[in-house]
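A.B. asks: Chains as they are written, first to last, in our numbering: chain A, 1 to 547; chain B, 1 to 241; chain C, 1 to 181.
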Ligand SMILES: Cc1cc2nc3c(=O)[nH]c(=O)nc-3n(C[C@H](O)[C@H](O)[C@H](O)COP(=O)(O)O)c2cc1C
Ligand code: SF4
Ligand code: SF4
Ligand code: SF4
Ligand code: SF4
Ligand code: FES
C-alpha cells in the first residue's frame, strides 16, 4: 500500500457517490429501536421504486439526537426524519419524488446541531463504519501516511504537545507530555492501549465513537505507536458493548488487509498490530493499572503509582494508555495541524469535548462542543431545558467521580479548570441534568452506592469507607441521623479521598462533597437532635467528674 | 550502592538507593504502622496504614511501596496521619465480625495491637455484622472469614514463597474474600501443599491451626524468615549463631 | 460531697461487675469518695436523678435495656461504656450475624430446639421484654463519654480510669490498656 493506492480508493469511493443519500443510524441506540428494520425497508423501497442508481441507503454511526431515534437523514434534501419505523420508512422514499413522508421530521439546523463543533464526531453519522473505504473517502489514513513518511517520532510528539490536547478519559493529563514520556522510556518492547472501558453510569461517548468511526481510533493509535515506538496495541472494551466490538473487529481486519495495520505499514519500517481485549465490565478496570492487570490476565485491581505505565506498564514494559476520544482526536490534529487544534477551545483546554447529555432535559443524546462553551448554552439552548418547563436545579458532570453544579453557576464555561473550581470534574463526558424534583442527598447516595459496588476491595478506605458513607447517607435519608453523623460523613469523605489507593476511592466522596457544598440545607433538614446527657454538648469528651 | 540522605520525623538518615521509606524508617528506629506489609514478600500498598507525608508531594504515599529519594523530608506521625490510621482501623473492625474475646488470635493479633496502639477505644461506625463462614475442611488449618482483613499476605506467601498458588481473592468490594483454588473448600484443594505458610503470615485470627482455641493461636514467623533469607541472601539460618 | 456513682448491667455476663469487685481494697478507698446510688449489687429499683457517673456493662439487647439506657442518659452526667459488650456489643451481638429476624431464630434454638422440658417461647407482656432486632453497642444508642474496653476489663484498668476521673483529670487509657478481648 502506498499513498497512491490510498488516494485511488478515495477517488473511487467519491466517484461512486449517488445523487441522493439516505443516512440511517446503525449505532446501538437506534438499533435498539429497530433501525436495522428501517434500513432494510428503505433499501427495499429504493429497489421497488427502481432508484438504485440515484439513491444510496447508507448505514452510518450515531447522528446524536438519540432520544428521537431511529434517525434517517436525506441529503441533499437536508431532511432529518425522527422515530422512523419500518412501516413508515417507504414513505421517505416516496417523499424523494414529491410525495409526503409519514415519518416526523425535526430541524437539522436547530441549536442542538448548529451549536456543535465536530472533530471527534465529524465522521459519526456520515461514514459507514463497516467499510474502510468510506473512512478513506473522508481523508482517512492520510495523516498516518504523512506521519510515517514525513515526520520523525519526535516531530509527532512535538505536534501533539503543541496541539494542547489533554486526555479525555477523565483526568485531563496533557497527551503530548504522556507520549513524550513513553517515547523517552527505555525499552525494546512498548505497548499502546486504548481505554474503552467506559464505566461511568450514563456515559456512552466512547461506545458511539467506536460504533460510528472505529478507523479514526485505529489511525490515532497507529500514529501514537509510531511516536512512542510501540509495535503492539490493545483496545480494552467492555463485553457490554458487543456492537462496538464487532465493528472494531471488522475495522481491524479491513485495515490489516489494506496494509494500514500490520507490518511495513505504507511501505515504511513501522509495524503495528492491534488486538482487542474484552473486559467483564468492572468500573475499576477503566483505571489504567487495573486495566493492564486485566489485559495480563490477572485480577483487575489497581496498584500504587509510581511506577507509572509510561515507565513500567503492561508486562512491565513502557505503555501508553489513552482514552478512545483522545485517540479519535489524533488523525484530525495531524491532518489540520497543531495550530488549528490549539485555536479551538480555551487557553488551557483545547479542542472540543463530547458529552452524553441525559436526565431531565428535552434533547438527550451526544453533543460535541468547543471547550469553554457555557453550561447554559448546552443545557438551555442545545438541550432545550427541562421538559414541561421545569426549573433546572443542577447539572452533574464527571459521574461517580464528579459533582453537581448548581443552577446559579450555569454560566460556567466547560473546561477542566472551571469545573474543577466548582468541585466537579470534566470526567469522561457524562452530563446529567436535574430539575427541582431531584433530592440531592438521593443523588449523593446513588453515586456512593455505585462506588461501593464497584470498589475492587483492595484498599481499606475505599472498600470499607464507601460502605460506611453509604450507611450514613441512608441514615440521613431515613431521618435517623444526627448532626454527629453528618460530621462523621464529612470526616470519612476527607479520609477516603486522601488515603485511597486509586482514583475510584479518591474521587468516590466527590458527589457527596459537592452536594454538601451547594445543598447543605437539604442534608440538615433531614437531621434529628442528639440524645445527649444533661451536660452533653458534643464536647462530651472533655467532661470529667469534677467539671 | 549509592546512598541517599533524607529526613524522617526530623531525623537525618541515610538509606540505600532503592530502599523503601519503610525500610529506611525501620533502620532509623522510626516505627511506621503496617498491616499488609510482611518482610520478605513483595508489597501491595493496600492497607494504607503506612501512609506518610512527603514534603512537596500533594498526595499521601505508602511507605512500603515508595522508594527513598535524595533530600526527601518525611513525616510519619502527624495528627492527620494518626487520625486517618485510627479511622482505617475502625473501618476494619466495623467491616467484619471481630469478637476478640472469643478469637483464636486474642493477644497475638496485629490488628488488635495496632488498634490499641493507635488509641482506638471504640468504633464510631456502625458494625456491619456480615454473615461469613468458617472453612474447617482442611486437615490441619482453618479459615475464619469473619476475621479476615483482606491484607492478602496469605495469597502472596502462597504464590511467591511456597509457589503453590492455592490462595486467591474473589469478589469485589465488601464481597471480596479469600478463596482456595477455584473457590473450593480448602480441604478439597489440589494445589495446597499443607506448608502452613499462609497461617504463619496471617496478621489476624483468620487463619489458624486446627485445635487452637481462644487466644491460643501464636505465630512463628521464623519459618518464613528462614525461606526468605535463603532465597534472597542465599543463606540458611541454622539457629546456631 | 460524694460522687454519685451508678453501675448497670445490660446484655453481658456480669464479668465486668465481677472484675469491678476484684478492685479489692481500692473498693474501700472508693467507698469514701463515692456513693453507690444504683447497681445490681445494691437494692435500688428506680434509676435516680442527678447521677454523676454510670458504668454501663453489656450490650443493648432488648426493649427494657433501651428504655433504661435513655433514662440513664437523661439523668447522668458521664457515661462509661464498661467492658467489650458495652463498647462493641461483643458476644451478645453474634446473633446479629444471622440477619434480621434473628431474635426469633435465637429464641427458637434456645427455648425450643434445645429444650429438654417444656419447649415454649418465653412470652409475658410487661414481664419478658421483647428482643431488639439488632444488638447494639451503647454508643450507637446514646452519647457516651468514656470507653473502658476489655472482656472483662482487668481490675487495674478499671482502677486507672475511675482513679483518673476521681482525680479530676480527663480520663485517658493508652496502649495495651485499651485492648479488646
Ligand atoms: C475508577 C476509574 C475508572 C476509569 N475509567 C476510565 C474509562 O472508562 N475510560 C477511560 O478512558 N479512562 C478511565 N479512567 C482513567 C484512566 O485511568 C486513564 O487515566 C485514562 O485512560 C488515560 O487516558 P487519557 O489520558 O487519554 O485520558 C478511569 C480511572 C479511574 C480511577
Ligand atoms: S480505591 Fe477502591 S477501587 Fe481503588 S484500589 Fe482501593 S479499593 Fe480498589
Ligand atoms: S482477629 Fe484480632 S482483632 Fe479480630 S477478633 Fe481476633 S483478635 Fe480481635
Ligand atoms: S498451606 Fe501453604 S500451600 Fe496451602 S494454602 Fe497455605 S501457603 Fe498455600
Ligand atoms: S486470611 Fe489472613 S493473611 Fe489472608 S487476607 Fe485474610 S487476614 Fe490477610
Ligand atoms: S503496609 Fe503499606 S499499605 Fe499496608
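Heads up, the beta-carbon is just placed ideally off N, CA and C, and yes, glycines get one too.
(1) Whose C-beta lies closer than 6 Å to the C-beta of residue 189 of chain A among residues of the same chain, with five residues either side of it excluded?
(2) Report yes if the C-beta of residue 62 of chain B is less than 7 Å from at least one heavy atom of ligand 6; otherwise report no.
(3) First and last residue of the beta strand (DSSP E) that includes residue 22 of chain A?
(4) Just the Cα atoms here: how many angstroms apart are residue 81 of chain B and residue 491 of chain A?
(5) Quick one, are the C-beta atoms of residue 11 of chain C and residue 60 of chain C less than 8 Å apart?
(6) Does any residue of chain A have a CB that is nearer than 8 Å to the CB of residue 18 of chain B?
(7) CB-CB under 7 Å to residue 166 of chain B, same chain, minus the five flanking residues each way: which ones, in chain order?
(8) Starting from residue 222 of chain A, trace the alpha helix (DSSP H) in both directions and tell me its first and last residue.
(9) Got a sec: is the Cβ-Cβ distance from residue 5 of chain C to anything in chain B below 8 Å?
(10) What does the alpha-carbon distance come out to for the pair residue 10 of chain A and residue 154 of chain A?
(11) Please state whether the Cβ-Cβ distance between residue 366 of chain A and residue 121 of chain A is less than 8 Å.
(12) Indicate the three-state DSSP secondary structure (helix, strand or coil) for residue 208 of chain B in the structure shown.
(13) Rounded to whole angstroms, what is the Cα-Cα separation between residue 34 of chain B and residue 123 of chain A?
(14) In three-state DSSP terms, what is residue 423 of chain A?
(15) Under 5 Å from any heavy atom of ligand 3, by CB: list those residues in chain order, please.
(16) Which chain B residues are close to residue 551 of chain A, counting only those with a beta carbon under 9 Å from its beta carbon?
(17) Skipping 5 residues on each side, what residues in its chain have a beta carbon closer than 7 Å to that of residue 479 of chain A?
(18) Here's the rule: buried if 16 or more other CB atoms are within 10 angstroms of the residue's CB, otherwise exposed. What is residue 9 of chain C?
(19) Are the C-beta of residue 127 of chain B and some C-beta of chain A separated by less than 8 Å?
(20) For the beta strand (DSSP E) containing residue 54 of chain B, list its first residue and its last residue.
(21) At a cut of 8 Å, does the segment 207-218 of chain A reach the segment 319-333 of chain A through at least three beta carbon pairs?
(22) Could you tell me whether any non-hydrogen atom of ligand 7 is closer than 7 Å to the CB of residue 124 of chain A?
(23) Less than 7 Å separating the Cβ of residue 179 of chain B from some heavy atom of ligand 5?
(24) Beta carbon of residue 92 of chain B, beta carbon of residue 508 of chain A: below 8 Å?
(25) Do you know how far the Cα of residue 4 of chain B is from the Cα of residue 227 of chain A?
(26) Can you find a heavy atom of ligand 1 that lies under 7 Å from the Cβ of residue 8 of chain C?
(27) Shorter than 7 Å, the distance from the beta carbon of residue 297 of chain A to the closest heavy atom of ligand 4, or not?
(28) Exposed or buried, residue 112 of chain C, counting other C-beta atoms within 10 Å across all chains shown (16 or more means buried)?
(29) Spatial neighbours of residue 423 of chain A within its chain, please: CB distance less than 6 Å, with the 5 preceding and 5 following residues excluded, ordered by chain position.
(30) What are the start and end residues of the alpha helix (DSSP H) that includes residue 462 of chain A?
(31) With distances taken between CB atoms, is the gap from residue 278 of chain A to residue 237 of chain A smaller than 8 Å?
(32) For residue 167 of chain A, verify whether its CB is less than 7 Å away from any heavy atom of ligand 6.
(33) Chain B beta carbons: is any one of them nearer than 8 Å to that of residue 488 of chain A?
(34) Anyone know if the C-beta pair for residue 124 of chain B and residue 488 of chain A falls short of 8 Å?
(35) What residue does the beta strand (DSSP E) around residue 143 of chain B start on, and which one ends it?
(36) Closer than 9 Å by beta-carbon distance: list the chain B residues that pair up with residue 91 of chain C, in chain order.
C.D. replies: Put simply:
(1) By one-based count along the first chain, residue 189 of chain A stands at place 189. Once the five neighbours on either side are set aside, the close Cβ partners of residue 189 of chain A are 317.
(2) Taking the first residue of the second chain as position 1, residue 62 of chain B is located at position 62. Yes, the Cβ of residue 62 of chain B comes within 7 Å of a heavy atom of ligand 6.
(3) By 1-based counting over the first chain, the position of residue 22 of chain A is 22. That run of the beta strand (DSSP E) goes 20-25.
(4) Taking the first residue of the second chain as 1, we reach residue 81 of chain B at position 81. Taking the first residue of the first chain as 1, we reach residue 491 of chain A at position 491. Straight-line Cα distance between these residues: approximately 13 Å.
(5) Here residue 11 of chain C refers to the residue found at position 11 of the third chain. Here residue 60 of chain C refers to the residue found at position 60 of the third chain. Going by C-beta atoms, residue 11 of chain C is nearer than 8 Å to residue 60 of chain C.
(6) Residue numbering aside, residue 18 of chain B sits at position 18 when the second chain is read from its first letter. Residue 18 of chain B does not count as touching chain A.
(7) Along the second chain, read from residue 1 onward, the residue named residue 166 of chain B stands at position 166. Excluding sequence neighbours, residue 166 of chain B sits near 158, 180, 181, 189, 191, 192.
(8) If you number the first chain from 1, residue 222 of chain A lands on position 222. Per DSSP, residue 222 of chain A belongs to the alpha helix (DSSP H) from 214-228.
(9) Indexing the third chain from 1 puts residue 5 of chain C at position 5. So, not an interface residue.
(10) What you label residue 10 of chain A is simply residue 10 of the first chain in a count that begins at 1. What you label residue 154 of chain A is simply residue 154 of the first chain in a count that begins at 1. Taking the straight line joining both Cα atoms gives about 29 Å.
(11) As a working mapping, residue 366 of chain A is identified with position 366 in the first chain. As a working mapping, residue 121 of chain A is identified with position 121 in the first chain. Against a cut-off of 8 Å, the Cβ pair of residue 121 of chain A and residue 366 of chain A comes out as a contact.
(12) Walking along the second chain from the start, residue 208 of chain B turns up at place 208. Looking at residue 208 of chain B - three-state DSSP - the assignment turns out to be strand.
(13) As a position in the second chain, residue 34 of chain B is number 34, starting the count at 1. As a position in the first chain, residue 123 of chain A is number 123, starting the count at 1. Approximately 53 Å between the Cα atoms of the pair.
(14) By one-based count along the first chain, residue 423 of chain A stands at place 423. DSSP places residue 423 of chain A outside both helix and strand once states are collapsed to three, so it counts as coil.
(15) That gives B/98, B/100, B/103, B/105, B/106, B/109, B/111, B/112, B/147, B/204, B/205.
(16) Outside the modelled stretch of chain A, which goes from 1 to 547, sits residue 551 of chain A, for which no answer is possible.
(17) Residue numbering aside, residue 479 of chain A sits at position 479 when the first chain is read from its first letter. Excluding five sequence positions before and after residue 479 of chain A, the CB atoms of its chain that fall closer than 7 Å to its own CB belong to 526, 528, given in chain order.
(18) The sequence position of residue 9 of chain C within the third chain is 9, counting from 1. Flag for residue 9 of chain C reads buried.
(19) Here residue 127 of chain B refers to the residue found at position 127 of the second chain. It does not: the Cβ of residue 127 of chain B has no partner Cβ on chain A nearer than 8 Å.
(20) Looking up residue 54 of chain B in the second chain gives position 54. Boundaries of the beta strand (DSSP E) harbouring residue 54 of chain B: 51-54, taken from the DSSP string.
(21) yes
(22) What this structure holds is ligand 1, ligand 2, ligand 3, ligand 4, ligand 5 and ligand 6, not ligand 7.
(23) Locating residue 179 of chain B in the second chain gives position 179, counting from the first residue. Relative to ligand 5, residue 179 of chain B has its C-beta separated by 7 Å or more from all heavy atoms.
(24) Taking the second chain and counting its residues from 1, one reaches residue 92 of chain B at position 92. Taking the first chain and counting its residues from 1, one reaches residue 508 of chain A at position 508. Cβ distance not < 8 Å, so residue 92 of chain B and residue 508 of chain A don't count as in contact.
(25) Stepping through the first chain from its first residue, residue 227 of chain A is reached at position 227. Stepping through the second chain from its first residue, residue 4 of chain B is reached at position 4. CA-CA distance, residue 227 of chain A to residue 4 of chain B, rounds to 35 Å.
(26) Stepping through the third chain from its first residue, residue 8 of chain C is reached at position 8. Residue 8 of chain C Cβ: outside cutoff for every heavy atom of ligand 1.
(27) Locating residue 297 of chain A in the first chain gives position 297, counting from the first residue. Checking every heavy atom of ligand 4 against the Cβ of residue 297 of chain A, none is found closer than 7 Å.
(28) Position 112 of the third chain, counted from the start, is the residue given in the question as residue 112 of chain C. With fewer than 16 Cβ atoms within 10 Å of its Cβ, residue 112 of chain C is classed as exposed.
(29) Position 423 of the first chain, counted from the first residue, corresponds to residue 423 of chain A. Hits under 6 Å: 403, 514, 517.
(30) Against the first chain, residue 462 of chain A aligns to sequence position 462. Segment 460-477, the alpha helix (DSSP H) holding residue 462 of chain A.
(31) If you number the first chain from 1, residue 278 of chain A lands on position 278. If you number the first chain from 1, residue 237 of chain A lands on position 237. In terms of Cβ geometry, residue 278 of chain A and residue 237 of chain A form a close pair [threshold 8 Å].
(32) Residue mapping note: residue 167 of chain A aligns to position 167 of the first chain, counting from 1. No, the beta carbon of residue 167 of chain A sits no closer than 7 Å to any heavy atom of ligand 6.
(33) Taking the first residue of the first chain as position 1, residue 488 of chain A is located at position 488. Yes, residue 488 of chain A counts as interfacial toward chain B.
(34) Translated into the one-based positions of the second chain, residue 124 of chain B becomes position 124. Translated into the one-based positions of the first chain, residue 488 of chain A becomes position 488. Yes.
(35) In the second chain, the residue the question calls residue 143 of chain B occupies position 143. Per DSSP, residue 143 of chain B belongs to the beta strand (DSSP E) from 141-144.
(36) As a working note, residue 91 of chain C is residue 91 in the third chain. Correct list: 99, 101, 102.
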